[in-house]
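In the working numbering, the protein residues as written are 56 to 457.
Glycine included, C-beta positions come from ideal geometry on N, C-alpha and C.
Working notes for the structure below.
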Amino acid sequence: MLRLLPLVLIALTPLVGCDSDANEPDPVPTPRLIIANGVPDQSGQDGSTFIQAISLQTPNVTNANAVEQTFFAYTHIRGREVIVTQNIQGDVATRYVVGEDGLLNEAGQLTLPAGGFGSNVVWMSDTRAFVSLVFAGQIIEFNPQTMTQTAVIDLTALGIARNPVNPDDTNPEPAVMLLRNGKLYVGLQQFFAPFANADGVDIAVFDANTLAFERVISTESSAGPGRYGYNQSMFVDEAGDIYVYCTASFGFVPGQKSGFLRIRNGAAEFDSTYFLDVSALNVPVDGGQIGTVGGNVVYHNGFAYGAAEIPAGRSNPPDYVRDFNWQPVRFNLSAGTVEVLPLPPGNGLSIGIELLDGQILFGIGTPTATGLFRYDPATQQATSEPIVTTSGVPQAVLRLDN
């Protein structure tokens, strides 16, 4: 489902020798974001991801200063640390640190089990982090400073897999993770076929300090809790309630409903009174409905922002590079409604979203422009053109905490 200054020299001849700063280079704009730009090949099934730190003061961004990674690599950030996992394209987690010059410097690698599908990363501290391995059925604890493994949680030994096609399957496919109040919440994909979720939603809960398994929180309302590779699809609101967006096999399993579930603050189960069924909403788009959200959502002041697929604009088979049918929207989580934002639809790589200075930034690839578009929740106004153009579609946009 998938796809990076100008230097203006002003000659002031009469002032040469009079201004001590005349020959000093312009200061490098302070980077505010990490972006991961997807650049697919002609097939749309492979290519590269270019990852770099950028400033919104630089209106045109190329890939010249980016690090190259595998296609649709997953990017995770804490402070000025960036850890990249390689999806199904590779078995290495690479750590980068953003330097004072704004460039990403490689600072270690962790080799993961072959074919394990390294997915999400969360940090517990400077020296403790977790990476989920979807196909291996494991979560590896590691030291991000040294990029060395320190422990393994083997979910295949817990008897919590659900696979109606193969009852002997022991892998619940751990992916999205959230750390909260000393607990590690893990969304289980529960695949019964390649990237197709079994009916039902399961979230495993572990003691983050001891790694002890505590329980599984379950409901039959949806399927596929969280988007592998994107931790923002499970988030906490101001009340301390946990929300998780469920992809429901991205709309390819009949009868499954995608939407938002809630775990109340302090509760040990899903809120049985709450399910925002995205599939059932009437939306002013072609066909009147949206299928699934790209999985990457950003929460802000009661709203969840994301890019939703418009099934009426989908080719058969889907072309995630050339179908421009992913529309930016926002969901009112309390009212259970959706609003189409005044932004252009993009292709299937257009799922990078971030909150910066009260503004929502969307990475969008359209037929005529590619880059970062901006939506202002206060005025409900949006830009019609990118505020920053990029070489490749920003499939991840992450705020850089300086």
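Taking the Cβ atom as the reference point for each residue, do residue i and residue j lie within a distance shorter than 8 Å?
{"i": "Y300", "j": "G255", "result": "no"}
{"i": "L167", "j": "N120", "result": "no"}
{"i": "D412", "j": "Y354", "result": "no"}
{"i": "P373", "j": "A437", "result": "no"}
{"i": "Y430", "j": "N402", "result": "no"}
{"i": "V189", "j": "Q244", "result": "yes"}
{"i": "G391", "j": "V452", "result": "no"}
{"i": "K238", "j": "A267", "result": "no"}
{"i": "G192", "j": "N226", "result": "yes"}
{"i": "S446", "j": "T117", "result": "yes"}
{"i": "V395", "j": "F386", "result": "no"}
{"i": "G242", "j": "G281", "result": "yes"}
Can you grab the Cα-Cα spacing for the pair residue i / residue j, in whole Å?
{"i": "Q40", "j": "A251", "result": "Residue 40 cannot be examined here, being either before or after the span of the chain that is shown, 56 to 457."}
{"i": "A248", "j": "A303", "result": "13 Å"}
{"i": "L62", "j": "N115", "result": "A caution first: L62 carries a pLDDT of 27, below 50, which makes its placement in the model too unreliable to give a value."}
{"i": "E161", "j": "V152", "result": "7 Å"}
{"i": "G314", "j": "E364", "result": "13 Å"}
{"i": "L234", "j": "T421", "result": "35 Å"}
{"i": "N221", "j": "F185", "result": "28 Å"}
{"i": "G145", "j": "F172", "result": "8 Å"}
{"i": "D156", "j": "D456", "result": "15 Å"}
{"i": "D74", "j": "T425", "result": "For D74, the predicted model reports a pLDDT of 47, less than 50, meaning its position is unreliable; a value from the coordinates is still stated below. So the two alpha carbons sit approximately 40 Å from each other."}
{"i": "G279", "j": "R217", "result": "12 Å"}
{"i": "I258", "j": "S405", "result": "27 Å"}
{"i": "L70", "j": "Q112", "result": "A caution first: L70 carries a pLDDT of 33, below 50, which makes its placement in the model unreliable, though a value can still be read off. Straight-line Cα distance between these residues: approximately 28 Å."}
{"i": "R319", "j": "R133", "result": "26 Å"}
{"i": "F307", "j": "S439", "result": "32 Å"}
{"i": "G102", "j": "F127", "result": "8 Å"}
{"i": "I109", "j": "S174", "result": "24 Å"}
{"i": "N380", "j": "N371", "result": "13 Å"}
{"i": "L165", "j": "V139", "result": "10 Å"}
{"i": "V271", "j": "T434", "result": "42 Å"}
{"i": "R58", "j": "T104", "result": "Note that R58 has pLDDT 34, beneath the 50 cutoff, so the model's placement of it is unreliable and the number below is only indicative. Each residue's alpha carbon lies about 8 Å from the other."}
{"i": "P458", "j": "A212", "result": "The structure shown does not extend to residue 458, since the chain is modelled only from 56 to 457, so the question has no answer here."}
{"i": "Y240", "j": "S277", "result": "17 Å"}
{"i": "G361", "j": "R454", "result": "16 Å"}
{"i": "E275", "j": "R317", "result": "13 Å"}
{"i": "P432", "j": "V207", "result": "42 Å"}
{"i": "S180", "j": "T205", "result": "14 Å"}
{"i": "A335", "j": "P366", "result": "13 Å"}
{"i": "T201", "j": "V231", "result": "23 Å"}
{"i": "M56", "j": "I89", "result": "In this prediction, M56 scores a pLDDT of 39, lower than 50, which makes its location untrustworthy; the coordinate-derived value is nonetheless stated afterwards. So the alpha carbons of these two residues sit roughly 21 Å apart."}
{"i": "P441", "j": "V122", "result": "23 Å"}
{"i": "Q97", "j": "G321", "result": "49 Å"}
{"i": "G368", "j": "V352", "result": "21 Å"}
{"i": "Q311", "j": "A323", "result": "24 Å"}
Quick one: what's residue i bridged to in DSSP?
{"i": "M289", "result": "V299"}
{"i": "A251", "result": "A248"}
{"i": "I272", "result": "I258"}
{"i": "L88", "result": "I109 and R454"}
{"i": "N226", "result": "DSSP output for N226 lists no bridge partner at all."}
{"i": "G314", "result": "C301 and D332"}
{"i": "I138", "result": "H131 and R150"}
{"i": "D431", "result": "Q436"}
{"i": "D209", "result": "Q193"}
{"i": "I419", "result": "G426"}
{"i": "I408", "result": "F417"}
{"i": "S187", "result": "I194"}
{"i": "A359", "result": "Y354 and F386"}
Are the C-beta atoms of residue i and some chain D residue less than 8 Å apart?
{"i": "P199", "result": "Judged by its chain identifiers, the structure shown contains no chain D, having just a single protein chain."}
Please check the pair residue i and residue j, which I expect to be a contact at CB under 8 Å, by giving their CB distance rounded to whole angstroms.
{"i": "V340", "j": "Q382", "result": "6 Å"}
{"i": "F358", "j": "L388", "result": "7 Å"}
{"i": "P199", "j": "R150", "result": "6 Å"}
{"i": "L427", "j": "P449", "result": "6 Å"}
{"i": "S187", "j": "P229", "result": "5 Å"}
On the three-pair Cβ rule with 8 Å, is the region 284 to 293 touching the region 322 to 337? no
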